[in-house]
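There are 4 protein chains.
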Amino acid sequence: MGSGIARNLLRAGHQLTVYNRTREKAEALVAEGARVANSPAEAVRGAEAVHTMLSDDAAVREVVFGRDGFAATMGRDAVHISHSTISTALARELAAAGHGYLSATVFGRPEAAEAKKLVVVTAGPPDQVARFRPLLDAIGRQTVVAGTEPWQANAIKLCGNFMIASMLEAFGEAYALMRKAHIDPHAFLEAMNGLFASPVYANYGAMIADEKFEPAGFALKLGLKDMRLALAAAEECSAPMPMTSVVHDRFLSAAANGQGEMDWSSIARVAARGAGL
Amino acid sequence: MGSGIARNLLRAGHQLTVYNRTREKAEALVAEGARVANSPAEAVRGAEAVHTMLSDDAAVREVVFGRDGFAATMGRDAVHISHSTISTALARELAAAGHGYLSATVFGRPEAAEAKKLVVVTAGPPDQVARFRPLLDAIGRQTVVAGTEPWQANAIKLCGNFMIASMLEAFGEAYALMRKAHIDPHAFLEAMNGLFASPVYANYGAMIADEKFEPAGFALKLGLKDMRLALAAAEECSAPMPMTSVVHDRFLSAAANGQGEMDWSSIARVAARGAGL
Amino acid sequence: MGSGIARNLLRAGHQLTVYNRTREKAEALVAEGARVANSPAEAVRGAEAVHTMLSDDAAVREVVFGRDGFAATMGRDAVHISHSTISTALARELAAAGHGYLSATVFGRPEAAEAKKLVVVTAGPPDQVARFRPLLDAIGRQTVVAGTEPWQANAIKLCGNFMIASMLEAFGEAYALMRKAHIDPHAFLEAMNGLFASPVYANYGAMIADEKFEPAGFALKLGLKDMRLALAAAEECSAPMPMTSVVHDRFLSAAANGQGEMDWSSIARVAARGAGL
Amino acid sequence: MGSGIARNLLRAGHQLTVYNRTREKAEALVAEGARVANSPAEAVRGAEAVHTMLSDDAAVREVVFGRDGFAATMGRDAVHISHSTISTALARELAAAGHGYLSATVFGRPEAAEAKKLVVVTAGPPDQVARFRPLLDAIGRQTVVAGTEPWQANAIKLCGNFMIASMLEAFGEAYALMRKAHIDPHAFLEAMNGLFASPVYANYGAMIADEKFEPAGFALKLGLKDMRLALAAAEECSAPMPMTSVVHDRFLSAAANGQGEMDWSSIARVAARGAGL
Chain X
1 MGSGIARNLL RAGHQLTVYN RTREKAEALV AEGARVANSP AEAVRGAEAV
51 HTMLSDDAAV REVVFGRDGF AATMGRDAVH ISHSTISTAL ARELAAAGHG
101 YLSATVFGRP EAAEAKKLVV VTAGPPDQVA RFRPLLDAIG RQTVVAGTEP
151 WQANAIKLCG NFMIASMLEA FGEAYALMRK AHIDPHAFLE AMNGLFASPV
201 YANYGAMIAD EKFEPAGFAL KLGLKDMRLA LAAAEECSAP MPMTSVVHDR
251 FLSAAANGQG EMDWSSIARV AARGAGL
Chain W
278 MGSGIARNLL RAGHQLTVYN RTREKAEALV AEGARVANSP AEAVRGAEAV
328 HTMLSDDAAV REVVFGRDGF AATMGRDAVH ISHSTISTAL ARELAAAGHG
378 YLSATVFGRP EAAEAKKLVV VTAGPPDQVA RFRPLLDAIG RQTVVAGTEP
428 WQANAIKLCG NFMIASMLEA FGEAYALMRK AHIDPHAFLE AMNGLFASPV
478 YANYGAMIAD EKFEPAGFAL KLGLKDMRLA LAAAEECSAP MPMTSVVHDR
528 FLSAAANGQG EMDWSSIARV AARGAGL
Chain F
555 MGSGIARNLL RAGHQLTVYN RTREKAEALV AEGARVANSP AEAVRGAEAV
605 HTMLSDDAAV REVVFGRDGF AATMGRDAVH ISHSTISTAL ARELAAAGHG
655 YLSATVFGRP EAAEAKKLVV VTAGPPDQVA RFRPLLDAIG RQTVVAGTEP
705 WQANAIKLCG NFMIASMLEA FGEAYALMRK AHIDPHAFLE AMNGLFASPV
755 YANYGAMIAD EKFEPAGFAL KLGLKDMRLA LAAAEECSAP MPMTSVVHDR
805 FLSAAANGQG EMDWSSIARV AARGAGL
Chain P
832 MGSGIARNLL RAGHQLTVYN RTREKAEALV AEGARVANSP AEAVRGAEAV
882 HTMLSDDAAV REVVFGRDGF AATMGRDAVH ISHSTISTAL ARELAAAGHG
932 YLSATVFGRP EAAEAKKLVV VTAGPPDQVA RFRPLLDAIG RQTVVAGTEP
982 WQANAIKLCG NFMIASMLEA FGEAYALMRK AHIDPHAFLE AMNGLFASPV
1032 YANYGAMIAD EKFEPAGFAL KLGLKDMRLA LAAAEECSAP MPMTSVVHDR
1082 FLSAAANGQG EMDWSSIARV AARGAGL
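Protein chains in written order, with the working numbering: chain X, 1 to 277; chain W, 278 to 554; chain F, 555 to 831; chain P, 832 to 1108.
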């Protein structure tokens, strides 16, 4: 995801210094004008905006507060723009950490990031949102402002992933019934495509019907993590989400049965196993 | 729904005799060439195909097997084409009742029926499906063949309604969190429209965000009935559907709290109440 | 169950004519004073009270309304006392069938029936409950009067079985965690016995810890049936029971995985499989 | 809870220094031979064993690692014996904190603690369990050894609380049905007492039937916390617990509706509200 975002920032004419643990990934951007840094701490020197795109809370924590983290080297006026899918709790912590902070979560696969087709959901102090809006518009096709507290954007991202995940589980349950009823899941999918007319349904519905879960577009273990974070946000807000709990438990069962590295759409296998398939 | 279907059959050049308990509804079709019958038994005389579109199992049972039902008056070669959302069990019973029978369930609202935009899902003996295919193509924009057993089309219809209902519940849970988090549900919806790009999401997402549940496009008590029938099909096939159970129980809670006649999207109120809203 | 009940009625000094599809089971009671009939219809002639103890709705329906059923041969003043675990809907149907009817459901295993240790839950018109109370007291150690409508006793029986079943599922989930945590389930059971001090916990807790599910004391497929009937009663009364739904779906998964004839405590295997065990 | 435990340690002849944030609570034990300390740090000086009984992770963390915490003042050979219901994660952290550590969780209400009737579940290195076993036997009627890793005792405690909580929810669902069916919940309870013969069922079943939720014996917000910790343990072990999730979400709904300080048995109100009661 990160390189797509970086590429679009470069295309929009911004100066960019990049860092990745795997240095080759960073160097791939040199041809397009990026400079490569040796550490997060080094990458942010002199920057106005610091974008991060990482896999989970621990990785963000390390890059910000860790030994070579950038917390200490960021400029006084610089703002950290976090694109990662992290907990609302960490977003609040980052917002309180002493420099500017915006959450700017993104929906879309790596291809969408490359193609500047992400849906960006941001939240934070209105003046900072206004100031950095051009950066957000540069990386996606649509920018949604969720509110004035950064963690609100993270709540939307987590719930959005729940919306997709519940669709995956719904397909899983329906297909399990179809298969036990000797109905080709593709017939069901054809009807659903007629009904929902959504590329997300078409794409995932086909993956599950074809049981093609590798290579993973989005690893199931990350989906599990996101459901855990969505439920944590729900608990913070005292808003029970029983269907989210079902989806979470199904991801956990999938992980317990060795599917952590498969695509998260393989949650459908849990329903299939439950039906004796 | 029935009048839209009837109108498109007339437009396709078929001769049609119509019956409705509320005679005016039937008579509204006279101007377009329909004849009106006084009873189901009378309506089917001489017909090659008998279409039914009714609200539930009991209504279908009455029209077929009841006092003025058409079971006795249907021609030997005539085929009953059932568009209603009924149980798989009743579909099997109708298929075993002695004359030809096809299930031809439909997805779409009354406006879609009028506009010949239904998605039709049919199942039955291949020769009969082939024979009556033109009738099905005349009433929708897409015809999906589910299998050779009529009840298979009913299984697809029930699971399709579950797909929509689970989306409604997902919106309900997410919006409850949004509201507790002081985020405008419309911001969440904007992101979901960017993500799913589905008219079904756009339509229901807006209804729930606006809490506009009356008048009902599809009554919640019918959604409850459909989830019950989906779970009954799941039990027949030994295919557990835990998320469907959650959705069913939420509809039941909505009905217990006086929402039976509201639109089924008002299931979202259950999540709201559960969050103390 | 039936023979234990019959034996205690004989011991209490009542005259008894017995019928069982498997004639030897009936004849085993001759030595204790019972007469054997060739059909349900014959068995009830001249009887004041007609006890039935059968496995499900279909069996009760057959014995009452079937070809050799007793509906037609029961005396005008006779009362049908149904001990079976049947649906509330069938109880209402039996109560409306034209002769006296009491539901008198029972909790306890066959050994408890033999030992006159059943818990009997009855409901029906107060005068009939009073009249036949001695028969109920003769077969159990405790008689609970649930209300004046027979089906109310069936609602209690179904919910009582749910209470046990939810305990089984709770053990299943806890033991799965124990095993993944390298804790001996017997240590957990020891603590639970200290805590609950209930023979039901001790008994089932040990069966599940030992994974000894055969022979079945109570077949899982019957537990599944009872959860279905409990949920049907819940729907009739508009009282959502989400935990009951979870238990139902777990039994269904167990049945789909070949455990229908095992003891219902084998529901614990569903949690184990879900955890990758 | 703490004072009952302290009293039984004194009765068994042990020397005891006590600390409580509310000094009067500590001083109440002086008459029985306890000395009172001004801080946790002071309380542990010279002690062989340090018992803690606190409400949650944060409180334990404060008392151990906080400003006046005892981590720095504990003797080299001293062992921390934690009776609190805390997360398995914190138990692991405490075990790794540099001095001896045993988890010794307890089941029972304050009255049971006073009466030396607790069920104690301990885990830790076998030599330390053996060394401190007399202290554990002094405070309860039964000591269960869960394993060699302290957190295993916490896993048992959390799952034990889930066993109770799932019983509470089961009563709640059953009673809601009873009330909608015009059956007195006490009739259902009478049958359950006949069936389970457990004081826990008798006690909680009556509280819920009488809807007597204040004053709280155990606050609902603590029950919610325990279900969260049980689910966290389940996730650590990859052992999905879907019924636990239901119970968790019901507690969360209760808390969202203002029941956090009521007894946890008031979870039954969630089922009642869901049924429109």
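Positions of the beta carbon are idealized from the N, C-alpha and C atoms, including for glycine.
| Check | Outcome |
| --- | --- |
| Of all the options W:A511, W:M539 and W:G281, which has the alpha carbon lying nearest to the alpha carbon of X:K180? | W:A511 |
| Following the continuous alpha helix (DSSP H) through W:S280, name the residue where it begins and the one where it ends. | G279 to R288 |
| Quick one: which chain W residues come within Cβ less than 9 Å of P:N1121? | Residue 1121 of chain P lies beyond the residue range present for chain P, which begins at 832 and ends at 1108; the question has no answer from this structure. |
| Just to make sure I have the definition right: I need the residues of chain P whose C-beta is within less than 8 Å of the C-beta of X:R228. Which are they? | E1066 |
| Check the Cβ-Cβ distances between W:S543 and every residue of chain P, and say whether any is below 8 Å. | no |
| Would you decide whether F:P680 is buried or exposed? Buried here means 16 or more other CB atoms lie within 10 Å of its CB. | exposed |
| Measure the alpha-carbon distance for F:A684 versus F:A597 and round it to whole angstroms. | 24 Å |
| Can you list the alpha helix (DSSP H) stretches of 4 or more residues lying completely in the stretch 435-506 of chain W, in chain order? | 462-473 and 476-486 |
| What separation, rounded to the nearest whole angstrom, lies between the Cα atoms of F:P796 and P:A1005? | 11 Å |
| Between P:P1016 and chain W, is the shortest Cβ-Cβ distance under 8 Å, so that the two count as touching? | no |
| Which of the residues in the stretch 756-767 of chain F, read from start to end, lie with their CB under 9 Å from any CB of chain P? | none |
| In the DSSP output, which residue or residues are listed as bridge partners for F:H634? | F:V604 and F:Y655 |
| Under three-state DSSP, which class holds F:L672? | strand |
| Between W:D526 and chain F, is any beta-carbon pair separated by less than 8 Å? | yes |
| X:G147 by DSSP, collapsed to three states: which one? | strand |
| If I'm right that F:M816 touches F:P664 with Cβ under 8 Å, what's the distance once you round it to whole angstroms? | Not a contact, Cβ separation roughly 17 Å. |
| For W:W428, I'd like the list of residues in its chain whose CB is within less than 6 Å of its CB, leaving aside the five on either flank, ordered along the chain. | T365, A368 and R369 |
| Using the three-state DSSP reduction, which class does X:F70 fall into: helix, strand or coil? | coil |
| If we cut at 8 Å on Cβ distances, does P:S930 have a partner in chain F? | With the sequence shown as reference, residue 930 of chain P is identified as His, and Ser is not the correct amino acid for it. For P:H930, the answer is no, since every Cβ of chain F falls outside 8 Å of its Cβ. |
| Could you pull out every residue in the same chain whose Cβ sits closer than 6 Å to the Cβ of P:A944, ignoring the five residues on either side in sequence? | M832, G835 and I836 |
| Leaving aside the five residues before and after W:L554 along the sequence, list all residues of the same chain whose C-beta is less than 8 Å from its C-beta, in chain order. | A453, R456 and K457 |
| Please compile the residues from chain X whose C-beta is within a distance smaller than 7 Å of the C-beta of W:E467. | V144 |
| Near W:A545, what residues of its chain come up, given a Cβ to Cβ distance below 7 Å and the 5 sequence neighbours on each side ignored? | L445, F448, G449, Y452 and I485 |
| I'd like to know if the stretch 456-472 of chain W and the stretch 245-264 of chain X are in contact, where contact means that at least 3 CB-CB pairs between them fall below 8 Å. | no |
| Counting C-beta neighbours from all protein chains within 10 Å, is the total for P:Q846 16 or more, i.e. buried, or is it exposed? | exposed |
| For W:G377 and W:G346, I'd like the C-alpha separation in whole angstroms. | 16 Å |
| Closest by CA to X:A47, which one among X:F65, X:T73, X:G205 and X:E62? | X:T73 |
| Rounded to a whole number of angstroms, what is the C-alpha to C-alpha distance between X:E214 and W:A314? | 59 Å |
| Return no unless some Cβ of chain F is closer than 8 Å to the Cβ of P:V960. | no |
| Using a Cβ-Cβ distance cut-off of 8 Å, determine whether W:P519 contacts chain P. | yes |
| Return the CA-CA distance between P:D887 and F:L672, expressed in angstroms with no decimal places. | 44 Å |
| Could you check if F:G714 is buried or exposed, using at least 16 other CB atoms within 10 Å of its CB as the buried criterion? | buried |
| From this set, F:T676, F:V618 and F:F742, which residue's C-alpha is nearest P:V975's C-alpha? | F:F742 |
| Residues of the stretch 971-1004 of chain P with a CB closer than 9 Å to any CB of chain X: list them in chain order, please. | none |
| Compute the Euclidean distance between the alpha carbons of P:L1051 and F:A625, then round it to the nearest angstrom. | 53 Å |
| Once you ignore the five residues that flank P:Y1035 on each side, which residues in its own chain have a CB closer than 8 Å to its CB? | I995, M998, L999, F1002 and S1096 |
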